[in-house]
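Residue numbers (this note's numbering), protein chains in the order written: chain A, 1 to 254; chain B, 255 to 607. Glycine is no exception: its CB is placed at the ideal position from the N, C-alpha and C atoms. All figures in this text were calculated on a predicted structure; none of them were measured in a lab.
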Amino acid sequence: MIGVRAPLASYRVAITELPERARSANDPRGSIVVVGGGTGWFARAVSAVEAGAAGLVVADPAVEVSGISGFAESDLRGVPVALDRELLRPDVAAEISREQPASVLTATCAAPAAAFDRTICDAVGWLRVLAGGPLQVTALQAGDGGLIMAVEGRGCPGGVLARVLVEPTAVPRLRVSAIGAVRSEVSAAAAAATVVRMDDERGTLIAPARFETRQRLALRRAIAAVTNGTMLDDLHEFAIDAEIALAGRRALSP
Amino acid sequence: MTPRGVGIIGAGPGVSALHAPTLGRLAGRLRIVHVADAGSGRGAAIAAPSGARHSTGVGELLADPAVEVVAVCSPPEFHAGQVLAAIEAGKRAVFCEKPLALTAEDARAVVDACRVSGTALVVGTNHVFDPAWARAKHHLVGNRGRVQTWSATIALPPNGRYHDLVTEVAPASPPPAGRPAPDWSDPRVAAAVVRQLVLGLGIHDLPALRDVAPVFEQVVFAQPLVPIGYLIGLVAGGVAIQLTAVMLPRGADALWRLSIGTGFDDVDVEFPPAFVHAGSATVTVRTSDGTITRYPATPEDGYVEEWRAIADALDHGQPAEYGELLDDALFAIQIADAAAEAVLAAAARKGTS
Numbered sequence: 001m002i003g004v005r006a007p008l009a010s011y012r013v014a015i016t017e018l019p020e021r022a023r024s025a026n027d028p029r030g031s032i033v034v035v036g037g038g039t040g041w042f043a044r045a046v047s048a049v050e051a052g053a054a055g056l057v058v059a060d061p062a063v064e065v066s067g068i069s070g071f072a073e074s075d076l077r078g079v080p081v082a083l084d085r086e087l088l089r090p091d092v093a094a095e096i097s098r099e100q101p102a103s104v105l106t107a108t109c110a111a112p113a114a115a116f117d118r119t120i121c122d123a124v125g126w127l128r129v130l131a132g133g134p135l136q137v138t139a140l141q142a143g144d145g146g147l148i149m150a151v152e153g154r155g156c157p158g159g160v161l162a163r164v165l166v167e168p169t170a171v172p173r174l175r176v177s178a179i180g181a182v183r184s185e186v187s188a189a190a191a192a193a194t195v196v197r198m199d200d201e202r203g204t205l206i207a208p209a210r211f212e213t214r215q216r217l218a219l220r221r222a223i224a225a226v227t228n229g230t231m232l233d234d235l236h237e238f239a240i241d242a243e244i245a246l247a248g249r250r251a252l253s254p
Numbered sequence: 255m256t257p258r259g260v261g262i263i264g265a266g267p268g269v270s271a272l273h274a275p276t277l278g279r280l281a282g283r284l285r286i287v288h289v290a291d292a293g294s295g296r297g298a299a300i301a302a303p304s305g306a307r308h309s310t311g312v313g314e315l316l317a318d319p320a321v322e323v324v325a326v327c328s329p330p331e332f333h334a335g336q337v338l339a340a341i342e343a344g345k346r347a348v349f350c351e352k353p354l355a356l357t358a359e360d361a362r363a364v365v366d367a368c369r370v371s372g373t374a375l376v377v378g379t380n381h382v383f384d385p386a387w388a389r390a391k392h393h394l395v396g397n398r399g400r401v402q403t404w405s406a407t408i409a410l411p412p413n414g415r416y417h418d419l420v421t422e423v424a425p426a427s428p429p430p431a432g433r434p435a436p437d438w439s440d441p442r443v444a445a446a447v448v449r450q451l452v453l454g455l456g457i458h459d460l461p462a463l464r465d466v467a468p469v470f471e472q473v474v475f476a477q478p479l480v481p482i483g484y485l486i487g488l489v490a491g492g493v494a495i496q497l498t499a500v501m502l503p504r505g506a507d508a509l510w511r512l513s514i515g516t517g518f519d520d521v522d523v524e525f526p527p528a529f530v531h532a533g534s535a536t537v538t539v540r541t542s543d544g545t546i547t548r549y550p551a552t553p554e555d556g557y558v559e560e561w562r563a564i565a566d567a568l569d570h571g572q573p574a575e576y577g578e579l580l581d582d583a584l585f586a587i588q589i590a591d592a593a594a595e596a597v598l599a600a601a602a603r604k605g606t607s
């Protein structure tokens, strides 16, 4: 049983859903600390580590220029960090099959301005998952409210289309595909289940829905990492994805 | 009313597996009276079921008084010349498979000749004839929010899978798996193949794209895909556009999807596989709040509708939209040319040209 300091209500619910592994705690020392992902989250994460946190969960991490360039994982002193990204569930990502090479990767995403950066970041993250490695941007151009980007991941070309939705309350959404003899497609929208669909000659397989909340998933992963003394790649992967997301944002709003 | 006589130039799979069976669905209005091949002899098998004549070359077909409508279904490099020949022969209507022409000069010559002679002209860009596109376009035009992004995603298994469902006439060409892959390492080959694919495959959707993004601006990137395909990013009318197509030697059923994003909605238009008659495309709209509306498909598809347009032109004097047809052709040629140039430019940057 490990203590969890969770200022966010959704994480306090997650604690109650892990009664044998987690208990609510106020003292960060030796605990897992949940950090809100709003502006300045990396600095708050470092502060939590300095206060003795054994593990961190960052909820909905913002894509920040200062945050990305200021990433120094050494500041976190080997403390494992689980990122709770709204449209990129690591449990679903772990089950994506990359056995069949793809001819091309595609992604489309849309979000209101406030969520645009992290939505394109998650779309790029899914492309990284489908490619099996980090992406590089090879071309980029903005239109009126939309963005086109060429990427390449492990030799596989891809394209990203992103746009800003008008209404501040609009639901962020994305769809990414790896197209080859086997076609894998991931669709995700805020507050909706992520759908993974795989098509091949035999027909269509839709992966089972994940009913565990993403907060419980993030907490469970952080607890496992702390308990087992392992690190998570979340922060490193996020930094790679966020660089590309920021390039897109700059092109759209120079 | 006696069905109008159709003379088909070409005897490839597009005729045996597509136009001949489609015309069978409009038997009361159109009937095949003549099929001309280029010497393969395949025209006979296509002509036989309807008791039509068959010949080699275009001369006999154009001289055949039973032919009121000429269907130009030959390889693309012959389209413009054969349309002009049909007009010269005094035919009243021409159905031309896409593309209408491979160069802007040819496109202008063909449309001008049709306009002067009053020849009805329909270009077989079947997706723009699909009733589902009209529904999608109505939604896009009628609702708030301009179009910001557009993608056309095409992933095709070998056509033989679908040919076998609509005909017993053997295909004219081997399936893609049997063809040698293009030499993608040669930038000139890569550029030429990408251009050819845009004008042969991508063109299905380019008139619909022009409906919402009429002014071509620039190709941002273009590259060939293995085994055969393209990935193109462009901007037109301020809209960010991605065109993706890949022809695979095996795999999942065809995916042919347009995804159009406005400031408020996502509109998906998913077409059934080519050749088969599985009804119209389906249209799905996702609104800002996440509400998803899926409009039902209708029984008629774009193949039937494009031929019905020819019958309507003859039977009801439905006017041909010459200006639109020319602008569609020029738009496609602009994109194909710019994509080919982008492929060459990318190769030059890599120092391989």
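For residue i, count neighbouring C-beta atoms within 10 Å of its own C-beta (all shown protein chains included) and say buried if the count is 16 or more, exposed if not.
| i | result |
| --- | --- |
| B/Gly605 | exposed |
| B/Gly372 | exposed |
| B/His308 | buried |
| A/Asn26 | exposed |
| A/Met149 | buried |
| B/Pro255 | According to the sequence provided, residue 255 of chain B is Met. The question's Pro does not apply to it. Exposed, by the Cβ-count rule. |
| B/Ser405 | buried |
| B/His570 | exposed |
| B/His381 | buried |
| A/Thr39 | exposed |
| A/Gly52 | exposed |
| B/Gly313 | exposed |
| B/Ile587 | buried |
| B/Ser270 | buried |
Kindly indicate the opening and closing residues of the alpha helix (DSSP H) around residue i.
| i | result |
| --- | --- |
| A/Leu205 | That residue, A/Leu205, is in no alpha helix (DSSP H); its beta strand (DSSP E) goes 203-206. |
| B/Phe349 | Careful: B/Phe349 lies outside any alpha helix (DSSP H), inside the beta strand (DSSP E) at 347-350. |
| B/Gly633 | There is simply no residue 633 of chain B to check, as chain B begins at 255 and stops at 607 in what is shown. |
| B/Gln336 | 333-342 |
| B/Phe383 | 380-383 |
| A/Thr16 | 9-16 |
| B/Ala446 | 441-454 |
| B/Glu554 | Note, B/Glu554: premise wrong, no alpha helix (DSSP H); not H, not E. |
If residue i sits next to residue j, beta carbons under 8 Å apart, how far is it from one beta carbon to the other, in whole angstroms?
| i | j | result |
| --- | --- | --- |
| A/Ile2 | A/Thr106 | No, A/Ile2 and A/Thr106 are not in contact; Cβ-Cβ is about 41 Å, not under 8 Å. |
| B/Leu410 | B/Met501 | 5 Å |
| A/Val57 | A/Ala222 | 5 Å |
| A/Thr227 | A/Ala14 | Actually they are not in contact, since the Cβ atoms of A/Thr227 and A/Ala14 sit about 16 Å apart, beyond 8 Å. |
| B/Ala388 | B/Val523 | Between B/Val523 and B/Ala388 the Cβ distance is about 11 Å, and since that is not below 8 Å, they are no contact. |
| A/Val258 | A/Leu130 | This structure leaves residue 258 of chain A out entirely; chain A is present only between 1 and 254. |
| A/Phe255 | A/Arg249 | Here chain A comprises residues numbered 1 to 254, so residue 255 of chain A is not present and cannot be evaluated. |
| B/Arg563 | B/Phe383 | Before going on, a small fix: residue 563 of chain B reads as Ala here, not Arg. 7 Å between Cβ atoms; contact. |
| B/Leu208 | B/Trp510 | Residue 208 of chain B falls outside the range modelled here, since chain B spans only 255 to 607, and no answer is possible. |
| B/Ile482 | B/Pro436 | 7 Å |
| B/Arg464 | B/Phe585 | 5 Å |
Tell me which residue opens and which closes the beta strand (DSSP E) that residue i is part of.
| i | result |
| --- | --- |
| B/His288 | 284-291 |
| A/Ser24 | 22-24 |
| B/Arg307 | 307-310 |
| B/Arg226 | Only positions 255 to 607 of chain B appear in this structure, which leaves residue 226 of chain B out of reach. |
| B/Arg279 | Here B/Arg279 belongs to no beta strand (DSSP E), and DSSP marks it neither H nor E. |
| A/Glu152 | 146-153 |
| B/Thr407 | 401-410 |
| A/Leu135 | 135-142 |
| B/Ala302 | Counting along the chain, B/Ala302 falls outside any beta strand (DSSP E), and DSSP gives it neither H nor E. |
(message) Output needed in chain order: residues of the stretch 84-116 of chain A with a Cβ under 7 Å from some Cβ in chain B.
(response) Ser103, Val104, Thr106, Thr108, Ala110
(request) For the stretch 498-531 of chain B, list the beta strand (DSSP E) runs that are entirely contained and at least 3 residues long, ordered along the chain. (result) Entirely contained in the stretch 498-531 of chain B, the beta strand (DSSP E) runs reaching 3 residues are, in chain order, 509-516, 520-524.
(request) Quick one: which residues of the stretch 123-157 of chain A get their C-beta closer than 9 Å to a C-beta of chain B? List them in chain order. (result) Thr138, Ala139, Leu140, Gln141, Ala142, Gly143, Asp144, Gly145, Gly146, Leu147, Ile148, Met149, Ala150, Pro157
(request) Report the residues of the stretch 192-220 of chain A with a CB closer than 7 Å to any CB of chain B, ordered along the chain. (result) Ala192, Asp199, Asp200, Glu201
(request) Check each residue of the stretch 220-252 of chain A: if its Cβ is closer than 7 Å to any Cβ of chain B, include it; give the result in chain order. (result) none
(request) Quick one: which unbroken alpha helix (DSSP H) runs of 4-plus residues sit fully inside the stretch 48-108 of chain A? Chain order, please. (result) Entirely contained in the stretch 48-108 of chain A, the alpha helix (DSSP H) runs reaching 4 residues are, in chain order, 65-69, 90-93.
(request) Could you name the residues of the stretch 499-525 of chain B whose beta carbon sits closer than 8 Å to any beta carbon of chain A, in the order they occur along the chain? (result) Val500, Leu502, Pro503, Arg504, Gly505, Ala506, Asp507, Leu509, Ser513, Gly515, Gly517, Phe518, Asp520
(request) Could you name each continuous beta strand (DSSP E) segment of 3 residues or more that falls completely within the stretch 189-241 of chain A, going from the start of the chain to the end? (result) 195-200, 203-206
(request) With 8 Å as the C-beta to C-beta threshold (strictly closer), list the residues of the stretch 166-187 of chain A near chain B in chain order. (result) Identification of residues in the stretch 166-187 of chain A having a C-beta nearer than 8 Å to some C-beta of chain B yields Val166, Glu167, Thr169, Ala170, Val171, Arg173, Arg175, Ser177, Ile179, Gly180, Ala181, Val182, Arg183, given in sequence order.
(request) Below 8 Å between beta carbons is the criterion; list the residues of the stretch 336-369 of chain B that meet it against any residue of chain A, in chain order. (result) none
(request) Residues of the stretch 443-460 of chain B with a CB closer than 8 Å to any CB of chain A: list them in chain order, please. (result) none
(request) Closer than 8 Å, Cβ to Cβ, to anything on chain A: give me those residues from the stretch 474-500 of chain B, in chain order. (result) Val474, Phe475, Gln477, Leu479, Val480, Pro481, Gly483, Leu485, Gly487, Leu488, Val489, Gly492, Val493, Ala494, Ile495, Gln496, Thr498, Val500
(message) Quick check on the DSSP output: what are the complete beta strand (DSSP E) runs of length 3 or more inside the stretch 565-607 of chain B, in order along the chain?
(response) For the stretch 565-607 of chain B, not a single whole beta strand (DSSP E) run of length 3 or above is found.
(request) Would you list, in chain order, the members of the stretch 384-413 of chain B that have their beta-carbon closer than 7 Å to a beta-carbon of chain A? (result) Identification of residues in the stretch 384-413 of chain B having a C-beta nearer than 7 Å to some C-beta of chain A yields Gly399, Gln402, Thr403, Ser405, Thr407, Ala409, given in sequence order.
(request) Starting from the N-terminal side, write out each stretch of the beta strand (DSSP E) that is 3 residues or longer and does not extend beyond the stretch 154-185 of chain A. (result) 156-165, 173-179
(message) To be precise: take each residue of the stretch 17-41 of chain A, compare its Cβ to all Cβ atoms of chain B, and keep it if any distance is under 7 Å. Which residues remain?
(response) none
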